[in-house]
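>
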Amino acid sequence: MKIITWNINSIRLRLPLLRRLASELAPDVICLQEIKTPEAHFPFSEVSDMGFVHIALSGMKGYNGVAILSRLPLMEISVREWCGKKDARHIAATLPDGTRLHNLYVPAGGDVPDAGENDKFAHKLQFLDEMAEWGAEEKRHPRRILVGDLNVAPLPEDVWSHRQMLPVVSHTPMETERLVAAQKAGGWIDLMRCFTQPEQKLYTWWSYRAHDWRASNRGRRLDHIWCSPEVAENARFCMPVPEPRSWDRPSDHVPVMAEFSLP
DNA sequence: ATGGTTGTGCGACAA
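In the working numbering, each residue's number is its place in the first sequence (first place is 1) plus 9.
1) Excluding the 5 residues preceding and the 5 following Val265 in the sequence, name in chain order all residues of the same chain whose CB lies nearer than 8 Å to its CB.
2) May I have the straight-line CA-CA distance separating Arg229 from Gly118, to the nearest angstrom?
3) Taking the alpha carbon of Asp167 as the reference point, which residue from Phe130, Ile64, Gln206 and Leu34 has its own alpha carbon closest?
4) How many whole angstroms separate the CB atoms of Ser47 and Arg21, which I take to be in contact at a CB cut-off of 8 Å?
5) Assess, as a yes-or-no matter, whether the stretch 117 to 131 is touched by the stretch 90 to 99 under the definition of 3 or more beta carbon pairs within less than 8 Å.
6) Hey, out of Val62, Leu188, Tyr72 and Val178, whose CA is closest to Phe130's CA?
7) Comparing C-alpha positions only, which one of Arg23, Arg29, Ile39 and Val263 sits nearest to Lys11?
8) How big is the Cα-Cα spacing for Tyr217 and Glu147?
9) By the DSSP assignment, the beta strand (DSSP E) with Glu268 in it spans what residues?
10) In or out: Ala49 buried (at least 16 other Cβ within 10 Å) or exposed?
11) Taking 7 Å as the limit between beta carbons, can you name the residues of its chain near Ala97, skipping five residues before and five after?
12) State yes or no: is the C-beta of Arg254 within less than 8 Å of the C-beta of Phe269?
13) Ile182 to Leu175, Cα distance in whole Å?
14) For Leu81, which option in Asp261, Ala102 and Gly71 has the closest C-alpha, if you only look at C-alpha atoms?
15) Can you say whether Asp199 is buried or exposed, counting buried as having 16 or more other CB atoms within 10 angstroms of its CB?
16) Does Lys133 pass the burial test, meaning 16 or more other C-beta atoms within 10 Å, or should it be called exposed?
17) Classify Lys70 as helix, strand or coil using the three-state DSSP reduction.
18) For Thr108 versus Arg149, is the C-beta distance shorter than 8 Å?
19) Which partner residues of Leu113 appear in the DSSP bridge assignment?
20) Taking Cβ to Cβ, would you say Leu78 is nearer than 8 Å to Val56?
21) Exposed or buried, Ser170, counting other C-beta atoms within 10 Å across all chains shown (16 or more means buried)?
22) Looking at the strands, I want to know which residues DSSP matches up with Lys11.
23) Considering only their Cβ atoms, is the gap separating Arg258 from Arg23 smaller than 8 Å?
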């Protein structure tokens, strides 16, 4: 079974890229973030025509929005409110083998890494703390996967320059310590890091603002696939898929794909 | 130190 997570940055604008990704990689499940559309404008028929006839989504106008596109039936679809907001940052479903799948979009947090000055950063820290509390409860599911744009690059090797990124939102110790705490509390395994050397740089996002994103290569690993130890035992592969960053009108994030052998 | 780009939807604002 192949699962992809991708911050698509508008599903309506990038339907051709989604179609190409689905065709070239043949995933069974695609988890999207920043679909940026309410359910009323979601392209159900186009996505169904790609083979993803089971669709779970939480959308809103203009911002955020997450969706699970699946060839396999989705059961027990649910959304959770985070930080008391109905802002379409989470959707969950159970796969036919009983695996509980969560798709998350953590707040980006704005530009200033100070919770007193910047409400968006305070919201992000609160969200990460809530992920730790929630994760401890979620441990009751032995088979569980968490994917999404977590908007934090936790390790020094997850950014192009650890030293220069330390004061930059996405890599501050306030964020990285909270993300690692949430990972630990939920008993989550960082699956992408299981399939590469510890010193290997891994990125899933490159800014639109670079003149030449590939030449400057100032990337960050903001997108993640986490799973329980029982699920990790069956993992065959988990890595970023960099090619879509070079396609026409790309998202600034690239997909991450994991492959599992059936238990 | 600054500015750089993209999205929604036609305003700013968010990333």
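A virtual CB, placed ideally from N, CA and C, is assigned to each residue, including glycine.
Straight from the coordinates:
1) Closer than 8 Å at Cβ, skipping near neighbours: Ile13, Thr14, Trp15, Val156, Met201, Thr213, Asp232, His233, Ile234, Cys247, Met248, Pro249 and Val250.
2) Spanning the alpha carbons of Arg229 and Gly118 requires a straight line of approximately 15 Å.
3) That would be Gln206, whose Cα lies nearest to the Cα of Asp167.
4) Per the sequence presented here, residue 47 reads as Pro, with Ser not at that position. About 11 Å separates the Cβ atoms of Pro47 and Arg21, ruling out a contact at the 8 Å cut-off.
5) no
6) Val178
7) Ile39
8) 36 Å
9) Val265 to Phe269
10) exposed
11) Ser67, Gly68, Met69, Asn73, Gly74 and Val75
12) no
13) Here the sequence assigns Pro to residue 182, which means Ile is not the residue at that position. Taking the straight line joining both Cα atoms gives about 7 Å.
14) Ala102
15) buried
16) Flag for Lys133 reads buried.
17) In the structure shown, Lys70 adopts coil according to DSSP, grouped into three states.
18) no
19) His99 and Gly157
20) Yes.
21) exposed
22) Glu268.
23) yes
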